[in-house]
Each structure stands twice: as C-alpha cells, then as structure tokens.
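These notes are about the structure you will find just below.
There are 2 protein chains.
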Amino acid sequence: MGNQVKKATLRNVAESANVSVTVASRVVGNYGYVSLEKKKRVLKIAKELGYTPNILARSLKTYTSFCIGVVIADITTSFFNLLVRGADDVARQNGYHLIICNSDESPKKEKDHLEELSSRKVDGIILCPTEKNIHQLKKITRAGMPLVLVDRKLKEIDAVSITVDNSLGAMEGVNHLIQHGYRRIGLIKGLPGISALEERFLGYKQALHAAGIPLDQELIRYGEFNAVASRKAALELLQLKKPPDAFFIASEAMIVGTILAIRERNLRIPEDIGIVGFDDPLWAPLLDPPLTTIRQPSYSVGTIAAQKLISQLRGSGDAGNSRKENIVLRPELVIRASCGEGATGARAAGRRRT
Amino acid sequence: MGNQVKKATLRNVAESANVSVTVASRVVGNYGYVSLEKKKRVLKIAKELGYTPNILARSLKTYTSFCIGVVIADITTSFFNLLVRGADDVARQNGYHLIICNSDESPKKEKDHLEELSSRKVDGIILCPTEKNIHQLKKITRAGMPLVLVDRKLKEIDAVSITVDNSLGAMEGVNHLIQHGYRRIGLIKGLPGISALEERFLGYKQALHAAGIPLDQELIRYGEFNAVASRKAALELLQLKKPPDAFFIASEAMIVGTILAIRERNLRIPEDIGIVGFDDPLWAPLLDPPLTTIRQPSYSVGTIAAQKLISQLRGSGDAGNSRKENIVLRPELVIRASCGEGATGARAAGRRRT
DNA sequence: TTGTAGGCGTTATCAA
DNA sequence: TTGATAACGCCTACAA
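Chains as they are written, first to last, in numbering that gives the first Met the number 0: chain P, 0 to 353; chain B, 0 to 353.
In structure tokens:
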C-alpha cells in the first residue's frame, strides 16, 4: 500500500537521476554521447533501484530476442544433450539463449514447438527434424526464420545442415565385424523413416555387399530407440532357427536393451556373439568386454550448428538466403574388445574365422 | 521492394478483415463477445496472413512470459537431464517454456544466469544452487521472483525446495557394504561445500559409526564429479598401504572413473573390492557384475519442482510468500551384485566376512 | 456486440 | 550533448 517501491524501469531511473529517458537509455546501453557527470548519476541510481533492462521490451523494439530455439528428439539421450551443450556453449558466448524443445520424434509435437518458437520471436532455430513437417518448415523459412538442421538433412528445405556420415560409420562398424569373422549380423534399427537411421542401414548393406554376404531381412528389427523395445527385438533375433552371430546396434539406448538380452540368454561376448554399437557412451569402456563403437562428434555438431546459425543471424542484413550447405562430420570407429580384439583378444582367439 | 507482404500483426489482420483490433484480439485470444460472422472472417484472414501472436508484445503488456528459467549444474549429466525433462514435461503441459542454463558449479556463471533470467522476465526460476550466491538470491526473492530450489536447500533462503534424502541414501548404501563384510570403505566425494554431497558424507559417517568402524580420513577423496579426477582419486586410494576393500561413490560420472581405476589394477568385483554408487544410470545393470546403486528419483524432482512453481505462479495474486517448504524424496537402494549378492552371489561366497 | 485510446518498457528519430 | 516524441504489437478499460 503506502511505501510501494518504485518499479525499476528506465523511466523511473531517469526521473530519479533527473535526466531524460534517452540519456538513461544511452548510459545503460552504453552508446551515444552522454556527459560523464550524468552517466555517473544514472549508474548510481540504476544500481540503487536495482534496475535491470526489460529484455522483452527491448526485443519488441529491436526485433531481436537473442534467443535461439532448439528442437531435438529428447534431451535425455546422450547424443542430444551433448549436442545441446555444444550449441549452448557457443550461443552463450555470443549473447544468445536457448529454448529447448523435445519432440520425442512426434511430428505433431514438433509442429507445435515450431509454431511456439515463431510466436516467441526467436532469432533462429536449430532443428533435428522428424522429417514429417516439410510444409511447415517451408513456411518458416519462407517467413525468413533462419534455420539450421542437425543430424538429419531435408533435401526439400533450403537450410544448412550439420550431420554425421552415418553410412560411412555404419559401414566401418559392420565391416569391422565381418573382418573378425562374423557373418550373420543382426541389425537393431531405430524407427522407420528417419534419414540418419536409413543411412546407417545403407552402410550396413554396403558392408555386407562388399563382403559378398547376402542381405537377410530376417535379421533386421526395430528397437525404437529405447531399451525395452530393443531388448525384445534382440531376444526375437536370438530365437531364430538361424540366429545372428553378431549385432550391429544403431543407437545408445538400444545397446542397453540388446546387451540385456544377450545376458539373459547367457551368451558370451565376443565368443558367442560380436557387438558394435553406434554411439559411444561414457560407459562403453566399462562393459566386459569393453564395447567397440562408432563415436559421433555430437558436441561438435552442436557447436557448429550454433556457429552457422549465429553467423547467419549476423549477416542477415545483406545476403538473401539460398544457403543450402551440408556439413558432414566423420564418425570414428573406436575399437575395443566386443568383437574379439584389444584387451580380451586372447579370449577371442578360439572363435571360428569362417 | 514492391510487393512486400504485409506483416502478420494483429492490426493488419484487423484491417484486412475490416474489424477493430479489439475484435481481432478477441477472436485470436478466444474471449469476450464477437459475432460469429466477424469471427470467421478474422480467422480466415489470420490464416491467410500466417498470423501468429507476438508473445513478446503480449508478455510486455500482461507481465507474464510463460517462461521458466532453470539453472542446473550441467545438462549433460543424467541426474540433471532427467530432472529437466521432468520439469519440461509438466511445464509444457501448463503452457510454460523452459530456458535452461548450465552453471557448471560456478557461482559466477550462476549469478550471470540469474541476472539474465530476471531481465528476461521469466515468471519463475528453478535452481540447483551452487550455494555461494545467497545475497543475489535474496535480492531476487525479495523482488518477488518465485523460486524453487532443487537437489540442494538453502536455509537462508525463503523458498520451497525439492531434495532427495541424501544422508539416508548414503547410509543405506554404506550399510549394505558393511553388511557384506566390507570394512575399509573408500569414499569418492564430489566437490567440497555442496550440501547434497555433504549430506551423503554424513550418511557415510553415520553408517560407519553405527557399525563401530572408525572414520579414516585417508579413505576420503574428491572426484570432482567427473571421470578423470575420480579415476585418479581411486587410483590413489588403491595405492595406500592399507587400501580400501570397497568404494562408495557419490555420483554417476565418478562411478565411471572409479571402475576404470579398478579395471586398471585388475581387481575383481566384488571379491577384491565392493562397490556402491550413488545414482542409478541406465547402464548399471550392464556391468559385470551389475552395479548396486542408490537410485534417485530425479525425474520426479523435476516434475514436482515445476508443479510447485506453477501453482505458486497461479496463486501469486493472493497469498504473500514466506513459503518455505522442504519436500524430500526417498532414494532407493537397488541391490545388484557389486557387493556380492544377487546374480553372482555364489562368486562372492568365498570372500572374508571379517 | 463493437471500437477508441492509452500504455507496457525500450529504442530510434529528429530537433534543439 | 540532450530531450521530446513516436513507434514496436498487444491488451484492456471504457465508452458507444
């Protein structure tokens, strides 16, 4: 009631300091001409009142929110949280903040998020697309919203994309398996229709083809990117009359499910079954035997995406757009012992080499 | 130049639809009286123009941004990304968005983030405090910013906090170790001065005390929440003249480091050394032997925090504040085999029971 | 049921 | 150097 404190707005600061809002704005914004005396006065009052600029108002006026929207599948997976961390690190460094949205691979959620982000007037968007909202995305880019795609690319959309060479990675992984004598290689895929994963499938097929091994559809199962579905899938595979002698697993959580299945069936790695996983979680070296994996540079995907987006934001004054560029990063085969090599190599010596 | 499209603002929509902004505002905001005819007209035009409300402007006017600031240590750790996911799920459900900030346990970064969030006029903040910015936090709460603390509480601050019963969890874990015959239990702590971790230390001491085992300072090391420092710490411990016969490890990444160290020294778990880890990562059951852990309900910490904050936001009209409430969640001891029980129990039978 | 007008806190323009 | 003044896009009395 009585002693309501004055709200810490620029106008009030100016009033108390006996200057115009313009002057006050200049000193807090640190630009233009202001006499030293007034400058000091304003600063002092601002501090006293605990003034902090209202970014909402500023953004409304300047048309820049210094916010970047990020929509990914799920912040809970290591690939994405590393990616987000990378993006956040460079964004902050440049004065930007991130608004993170989980799509859970649902086109509907993705669409909602995209709309929200537009409404919030983010300066740009980093997106790992479900690949089912082309129309919506076209609208967004047409409206001038800078967009950077990560992990998956969309040929219909005019935007730079940062991806990993999935087919190469998968090929190397499967090839590694083949070189160690495995022939019936079960594939635990993610979900259908996602380009990054289809690319891994392609790599799988190429490696098989190169080795003259026929593709057996029976050996391919969807693990839905989670541990329970992948465990089930692996179990099914293991029950085949002609079960696989190795697994190539397309992402982290599915590695967990698959290994659980292998444990349940009491199979030995690498003697009874070989394993290569796409994604190199922190705990891969902890398994017994340590897991051979394809490591993705996910943090870098994030940093590069943010860099590209921000430089686009900065240059947006001049150049039109038509900036379709694909940056593809190389994954790395990390050889440990789950295919019979490395530390436990001796143990694997006895296995058939066909 | 020539055919510049009209900007999709409420005013333009209203103009094109031949109604006042008020009417337009009403139909898009879906409130008040509007004739069906005009309603249809406005909706049609809005769609044509691709209108989407400018949330910045709305927030400026209404004093609510529907944004919640979240500052945590690091989104990259499973405890925090699960927490954030929980918070995000309930926030979205209620129309709120999250702005996530990583403090990396740095008081300086935390302070900057807190200031930024105030400037951005978030409606409230969920914070895992470094516990070094009391002054700043007081200022924030005094300014009326709703605040919910997670994982750690601050007795000086008047805010609700959602924590886990750390000392109980640690006590149960260490106790489990003791019951299985371990006596020299090495402790891999995080960093000094963080209440949640000090509580775990307390639980450790209590369990020791209850069993009549003297506390040996030599057995306590800082693992700095990461794998490399904890590996080093564990290695040091293992080199003692009287090395530990078990490890109690205070958080996930440090489990990784410690196990790496154990591997290097070629020690068998649980025969040579027992292990209990605080945090129950997805991969805990994958280790050989599967890891006994203290599972924290981190997702729930997040959901509850968001719920509390939002209900505070809603009720903010009436009640003052002075809402100091501590919700403490119970962690759970997940017994697997790293202390000689469960699946590999037989193997542990031979170990000394003092 | 509709419209007018003022203001949210900033920044930007233009004189003074 | 400084200060009115007009936006930015939206909401909301209040009046019609």
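Glycine included, every Cβ here is placed at the ideal spot set by N, Cα and C.
In the DSSP annotation of this structure, P:H179 is not part of any alpha helix (DSSP H), being labelled neither H nor E. Residues of chain B with a Cβ closer than 7 Å to the Cβ of P:L266 do not exist; the shortest Cβ-Cβ separation is about 13 Å.
Unbroken beta strand (DSSP E) runs of no fewer than 3 residues, entirely contained in the region 125 to 159 of chain P, are found at 146 to 149, following chain order.
In summary, no residue of the region 146 to 172 of chain B has a CB separated from any CB of chain P by less than 8 Å. Residue-level contact check: P:V83 touches chain B, since one or more beta carbons of chain B fall below 8 Å from its beta carbon. Taking a C-beta distance under 8 Å as the contact criterion, P:E223 and P:L176 do not qualify as a contact pair.
Closer than 8 Å to the CB of B:P269 there is not a single CB belonging to chain P. CA-CA distance, P:F277 to P:I193, rounds to 15 Å. Interface residue (Cβ-Cβ distance to chain P less than 8 Å): B:R25 is not classified as such.
The closest CA to that of B:D157, considering only B:R141, B:D164, B:A249, is found on B:R141. Residue range 273 to 277 is occupied by the beta strand (DSSP E) that includes B:F277. Distance from P:I268 to P:P288 at the Cβ level is roughly 6 Å; contact confirmed, criterion being Cβ atoms closer than 8 Å. Between the alpha carbons of B:P284 and P:R262 lies a gap of roughly 10 Å. Residue pairing of P:F246 in beta bridges, as defined by DSSP: P:G185, P:I274.
When beta bridges are read from the DSSP output, P:R294 appears opposite P:E331.
Only E114, E115, S117, S118, R119, K120, K138 from the region 113 to 138 of chain P bring a Cβ to less than 8 Å from some Cβ of chain B. Bounds of any beta strand (DSSP E) do not take in B:R267, whose DSSP letter is neither H nor E. If you check each beta-carbon in the region 37 to 56 of chain P against every beta-carbon of chain B, the ones closer than 9 Å belong to G49, T51, P52, N53, I54, L55, A56.
About 30 Å separates the CB atoms of B:T257 and B:A86; that is not less than 8 Å, and the two are not in contact.
For B:K110, same chain residues with a beta-carbon under 7 Å away, outside a window of 5 residues either side, are N132, Q135 in chain order. For B:I44, the three-state secondary structure derived from DSSP is helix. By the rule that beta-carbons nearer than 8 Å mark a contact, B:V255 touches chain P.
In the three-state reduction of the DSSP assignment, B:Y50 falls in the coil class, being assigned neither a helical nor a strand state. Within chain P, no C-beta atom comes nearer than 7 Å to that of B:S34; the closest sits roughly 26 Å away.
What P:N11 touches in chain B, judged by beta-carbon distance under 9 Å, is nothing: the nearest beta carbon there is about 14 Å away. Around the beta carbon of B:G31, a 10 Å sphere encloses fewer than 16 other beta carbons of the protein chains shown; the residue is thus reported as exposed. The beta carbon of B:L312 sits no closer than 8 Å to any beta carbon of chain P. No residue range can be given for B:Y32, since it is assigned to no alpha helix (DSSP H) and is classified by DSSP as neither H nor E.
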